[in-house]
Amino acid sequence: MLIATFVVLVVFRFSIAMALGLSCAAAIVFFSNISPIVMVQRMVVGVDSFVLLAIPLFVLSGRLMNEGGITDKIFLFARALVGHVKGGLAHANIIGSLIFAGMTGSAVADAAGMGDIEIKAMKDQGYNEEFAASMTIASSIIGPIIPPSIPMVLYGALAEVSVGRLFLGGIVPGLLVALSLMVMVAVIGQRKNFPKDPRVSLAVFIRRFWDAFIPGLTPVIIVGGIVGGIFTPTEAA
1 MLIATFVVLV VFRFSIAMAL GLSCAAAIVF FSNISPIVMV QRMVVGVDSF
51 VLLAIPLFVL SGRLMNEGGI TDKIFLFARA LVGHVKGGLA HANIIGSLIF
101 AGMTGSAVAD AAGMGDIEIK AMKDQGYNEE FAASMTIASS IIGPIIPPSI
151 PMVLYGALAE VSVGRLFLGG IVPGLLVALS LMVMVAVIGQ RKNFPKDPRV
201 SLAVFIRRFW DAFIPGLTPV IIVGGIVGGI FTPTEAA
């Protein structure tokens, strides 16, 4: 009955989360001796976690930065930094995602926040749409690795381990993923002769660096504050 209800709800295009919840609720109400009041109480207890409150707050902070134009400044800085090398926009795509990952902790937020800017810029410079989209998707996976990582907050809350230590453990893997993607772009760029931007002047580079400097400090402040005992992950969010 549980599986049948789930399948029917999915067929009727309910979201996976809604289908799981409704099928479990139906099974408990009609085929068990558990009181519906107990079910509601356990649902509340399951999400009654101060640590889990960090998840929507990190998502909100990323959304606010996106609406405030921070994503444009990050991409412009990344483009000024590596745009002059062959395949520069693909490299800028990776670096932009790396910086933005330190604000959202989510691959979906990363792809949604930076994707439109990055894909449009790459298409305008002659990259094919498939490569631009695949590069954006590949670089967005850095989001759940670099702190503040939403999956790490969730795992830390459920497994009762230190979220701060999980954040520390995600820095090096995240950087290695970004480096690996850049090496791949360099190899493909040489083979396919990708275009590049003209080198920007020092004054332009400094201005773009300063525009992205404060947002770029976000992961440093978050991880440093948590490890230093200044605030909790939720307070950091």
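Taking our numbering, the leading residue of the sequence shown gets 1, the next gets one more, and so forth.
All C-beta atoms in this analysis are idealised placements derived from N, C-alpha and C, irrespective of residue type, glycine included.
Whole-number beta carbon distance between residue j and residue i, since they are thought to touch under 8 Å
i: G62; j: T104; result: 3 Å
i: G83; j: D197; result: 4 Å
i: I239; j: L98; result: The requested residue 239 does not occur in the structure, where the chain is confined to residues 1 to 237.
i: A109; j: V172; result: No, A109 and V172 are not in contact; Cβ-Cβ is about 22 Å, not under 8 Å.
i: V163; j: I55; result: In fact, because the Cβ distance is near 11 Å, the residues do not count as touching under 8 Å.
i: V233; j: I146; result: Per the sequence presented here, residue 233 reads as Pro, with Val not at that position. 14 Å between Cβ atoms; not a contact.
Own chain, CB closer than 6 Å to residue i, minus 5 neighbours either side, in chain order
i: E240; result: Residue coverage of the chain in this structure runs from 1 to 237, which leaves residue 240 outside it and unanswerable.
i: P144; result: A107 and P151
i: P148; result: F58, G105 and I222
i: P215; result: I70
i: M39; result: I28
Beta-carbon proximity list for residue i, same chain, < 7 Å, skipping 5 on both sides
i: H91; result: V82, V85, M182 and V185
i: Q190; result: K86
i: F100; result: T71, I74, D110, G113 and M114
i: V29; result: P36
Within-8 Å CB hit, residue i to chain B
i: G88; result: Among the chains of the structure shown, chain B does not appear; only one protein chain is present.
Candidates the options, of which the one nearest residue i by Cα
i: F75; options: E130, W210 and I188; result: W210
i: I80; options: V220, V204, G228 and V227; result: At residue 80 the sequence reads Ala, which differs from the Ile that was named. That would be V204, whose Cα lies nearest to the Cα of A80.
i: F194; options: V40, G126, V177 and T234; result: G126
i: R207; options: T5, F77 and F12; result: F77
i: K192; options: N128, V227, A26 and L2; result: N128
8 Å CB neighbourhood of residue i in its chain, flanking five on each side removed
i: I16; result: V10
Ignoring anything shorter than 4 residues or poking outside the segment 14-62, list the alpha helix (DSSP H) runs there in chain order.
16-31 and 36-47
As an exercise, report each continuous alpha helix (DSSP H) stretch of at least 4 residues that is fully enclosed by the segment 99-173, in chain order.
Counting whole runs of 4 or more residues, the segment 99-173 contains the alpha helix (DSSP H) stretches 107-124, 129-140 and 150-159.
Return the chain-ordered ranges of every alpha helix (DSSP H) run that is complete within the segment 180-227 and spans a minimum of 4 residues.
202-216 and 218-227
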